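Here the sequence shown stands for residues 160 to 515, where the numbers follow our numbering. We put the beta carbon where it would ideally sit given N, CA and C, even for glycine. Source: prediction; values computed, not measured. Structure, as structure tokens:
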Amino acid sequence: LNLINDILDLTRVESGKLELEYVDFDVVNVVEDSLDSVTLLASNKGLEVVSILDPNIPVMVRGDADRLKQVLLNLLSNAIKFTKEGEVKMQVQLLDSNDRAVSVEFSITDSGIGISKEALKKLFTRFTQVDSSTTRNYGGTGLGLAISKQLVELMNGGFKVASKEGIGSTFSFSVKLEHPADKVDIREHLSLSSVNTVQLAVGNATLRDSLQSTLLAWEVNSVVVDNSFEEAEERLLSGLNSQLIILSIGVDGDIDPVVKLHNRFEHQSKHWVIMSPINLTGKLTALSSTWVVLSKPVRQRVFYTVLRDLVEGNVVAKNLGHSWCDAEESEHLSGHILLVEDNHTIQQQMRKILIN
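Printed below as a string of structure tokens:
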């Protein structure tokens, strides 16, 4: 069925019968929805998924949100498929803006197997993989990139690919998106200027830099950054007191250092936020009532709202970030379920969640 859908898409594009459906949408929501869709796949492989979003991207644009998401899902799924360890990074940047439209670039970078210079020449050829071993080891039809390239061209954009064998690849594409009829240019100003100090302990460098930049953009007065839990412990032993401590559990799933830090230094910060792989959120929530657990990758709006509400003393749910629950919390579910979903990747994810 997946192959048939790909062939139908390709046929419609090449015959000029595929028409884009223009709607008003939020680029950030589409990006974060796409990341949510592949979170479980990445978590099961022990991969970190990180997003870096340009704050200058308009609130609303007009274009084909579903086709844009189709391209993003294809690239993200490929990045995860061909990466055994490390990370997958999504970066979104505003390239240009005028009275009629904006140009936005999307880049997906992985630390996977990479592509040879010779193979790059046939990368977007339909029904073609970079070599025969790729099909044997990873599967696939060789249609996803061909369709994605043509969809991007329909959106007045183009593709760029940079890759090194054994190091990884970056797939970038830009699209032109119109302004909506009711033009809204300015995002809501997000400010945490009342926060004096945040201590941030994150092992992954890309995620660490992204979170630090985000917190500073939200006007946090001081962000103290630690590269490891050991560094965080040394700083806490020196007497540092923070309004917020944010700890990110690595892809290895080792929660012991976080638990030990919290138990020993709980009094040195009023608020603790734990960023966790999705498969550990239920366990972490049950371990303590004095921290908030966010499943990675965390939506920017969720992250901001949690930090703001903690500082302002509002009630905050202890487990946030995704709408699905953990297996431990769904034992009461039974019976038959009909799942209707035309995206094969999401079908697989939902099936695993329901079976668990």
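- Between the alpha carbons of L253 and L336 lies a gap of roughly 11 Å.
- Uninterrupted alpha helix (DSSP H) stretches at least 4 residues long and entirely within the region 215-281 occur at 224-240 and 276-279, given in chain order.
- Around the beta carbon of L513, a 10 Å sphere encloses fewer than 16 other beta carbons of the protein chains shown; the residue is thus reported as exposed.
- For D258, the closest C-alpha among the options T284, N473 and D341 is that of D341.
- Look at F318 here: in three-state DSSP terms it is strand.
- One alpha carbon belongs to T440, the other to H348, and they sit about 30 Å apart.
- One Cα belongs to N215, the other to D192, and the distance between them is close to 19 Å.
- By DSSP's assignment, H430 forms a beta bridge with L403.
- Looking at the DSSP output, K323 bridges to G327.
- Sequence-distant partners of R367 (beyond 5 residues in either direction) whose C-beta falls short of 6 Å from its own C-beta, in its chain, are V361.
- Burial check for A376: the Cβ neighbour count within 10 Å stays below 16, so the residue is exposed.
- About 6 Å separates the Cβ atoms of Q402 and T356, confirming a contact at the 8 Å cut-off.
- Under DSSP, S435 forms a beta bridge with S454.
- Beyond the five residues adjoining it in sequence on each side, E500 comes within less than 8 Å, by CB distance, of Q506 and M509 in the same chain, given in chain order.
- Here P456 really is in contact with T198; their C-beta atoms are around 7 Å apart, less than 8 Å.
- E207 sits buried, since 16 or more C-beta atoms from the chains shown fall within 10 Å of its C-beta.
- For T198, there is no enclosing beta strand (DSSP E); the residue is part of the alpha helix (DSSP H) that begins and ends at V186 to N203.
- Rounded to whole angstroms, I274 and V384 show a C-alpha spacing of 35 Å.
- For N400, the closest C-alpha among the options G409, K429 and L313 is that of K429.
- Rounded to whole angstroms, the Cβ separation of T365 and V209 is 5 Å, and the two are in contact under 8 Å.
- Only residues of its own chain outside the window of five on either side were considered, and among them Q250 and S369 have a CB closer than 6 Å to the CB of I211, listed in chain order.
- When beta bridges are read from the DSSP output, F283 appears opposite no residue.
- According to DSSP, residue pairing for F332 in a beta bridge involves F265 and F318.
- Boundaries for E390: no beta strand (DSSP E) harbours it, while the alpha helix (DSSP H) harbouring it runs F388 to L396, taken from the DSSP string.
- For L310, the enclosing alpha helix (DSSP H) starts and ends at G303 to L313.
- Of the residues A224, L200 and E277, the one whose Cα lies closest to the Cα of K240 is L200.
- Under the DSSP definition of a beta bridge, Q459 lacks any partner.
- In the three-state scheme derived from DSSP, where H, G and I count as helix and E and B as strand, D385 is classed as strand.
- A buried status is given to K248, since no fewer than 16 other beta-carbon atoms sit within 10 Å of its beta-carbon.
- The C-beta distance from T504 to S196 rounds to 6 Å, short enough to meet the 8 Å contact threshold.
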